[in-house]
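Residue numbers (my numbering): 57 to 248. A virtual CB, placed ideally from N, CA and C, is assigned to each residue, including glycine. Note that the structure is a prediction, hence the values are computed from the model and not measured.
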C-alpha cells in the first residue's frame, strides 16, 4: 500500500457562479459564519488535546486536502479463465400463424398451414437453395428477411427455448426445422 495525498476541489459558491441570486449569497455567508463559529468552539478543545504547539494554516475554502490510502491495482483476477458468454450465429426463416405472438393481423394462415410452409422452406434449402434466398421469399420476419434471415451472433438464452436449444446443439452450417416457438415456426441455420 502507498499513502497518497489527494486534493479535492470544492465548488463553493457554485450557485452564485451559475447565476444564483442574492438570496444564495446571503445563505452562503450565513453558512460560512456558522462554520467559523463552530470551528472556534471546537478549536479550543482540539488545541488542548493536541498540545504540539504547531499552528495549522486555515483550510483553503476552494480545496480540501485528504490523506487517502490507495492499494496497488491487482492484475485481473484469473484473466485466463474468463470466458465470454457462449454465442452462436443464426439465420432463420420464420413462418407465423394466426394467433402467434407478435403476428400481425394480416397473417391468416393456421398453425398447420404455417408448419407445412416451414417444411417447404426446409426442403428447398436441403434441395440446394440458400437459406438467404428462401428467407427473402418466404420469411415473415420483416426485420431480417432482407438480410438473408441473418439475426447476427446471439448469446445462449436469448432466443425462445426450443430455438435456442437447437441452435446451441448444432454444428456450423447445419440447418434444422421446423421448430415451433410462440412466434411461429422457424427453420434455422447456425452460421458461426
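Take residue i and list the residues in its own chain whose beta-carbon comes closer than 7 Å to its own, dropping the five residues that flank it on each side.
i, result
"residue 237", "216, 218 and 219"
"residue 170", "151, 152, 153, 240 and 241"
Return helix, strand or coil for residue i, following the three-state DSSP convention.
i, result
"residue 217", "helix"
"residue 230", "coil"
"residue 203", "helix"
"residue 180", "helix"
"residue 193", "helix"
"residue 99", "Confidence is the limiting factor: at residue 99 the pLDDT is only 48, short of 50, which leaves the residue's position unreliable, though a coordinate-based value still follows. Three-state result, residue 99: helix."
Label residue i either buried or exposed according to how many other C-beta atoms from any shown protein chain fall within 10 Å of its C-beta, with 16 as the threshold for buried.
i, result
"residue 234", "buried"
"residue 213", "exposed"
"residue 184", "exposed"
"residue 263", "This structure leaves residue 263 out entirely; the chain is present only between 57 and 248."
"residue 202", "exposed"
"residue 208", "exposed"
"residue 100", "Annotation note: pLDDT 47 at residue 100 (below 50); position unreliable, coordinate value reported separately. It is exposed - the Cβ of residue 100 has fewer than 16 other Cβ atoms within 10 Å."
"residue 166", "exposed"
"residue 197", "buried"
"residue 190", "buried"
Return the chain-ordered list of same chain residues with a C-beta closer than 8 Å to the C-beta of residue i, the five sequence neighbours on each side being excluded.
i, result
"residue 239", "150, 152, 156, 157, 158, 159 and 216"
"residue 224", "142, 144 and 212"
Residues in the same chain with beta-carbon distance under 6 Å from residue i, minus the five sequence neighbours each way, listed in chain order, please.
i, result
"residue 231", "181 and 245"
"residue 211", "141 and 143"
"residue 145", "209, 247 and 248"
"residue 228", "246"
"residue 194", "149 and 177"
"residue 173", "151"
How close, in whole Å, do the beta carbons of residue i and residue j come, if the pair is a contact with beta carbons under 8 Å?
i, j, result
"residue 163", "residue 154", "6 Å"
"residue 188", "residue 222", "About 19 Å separates the two Cβ atoms, so there is no contact after all."
"residue 243", "residue 177", "5 Å"
Any alpha helix (DSSP H) of 4 or more consecutive residues that is wholly inside the stretch 141–177: none
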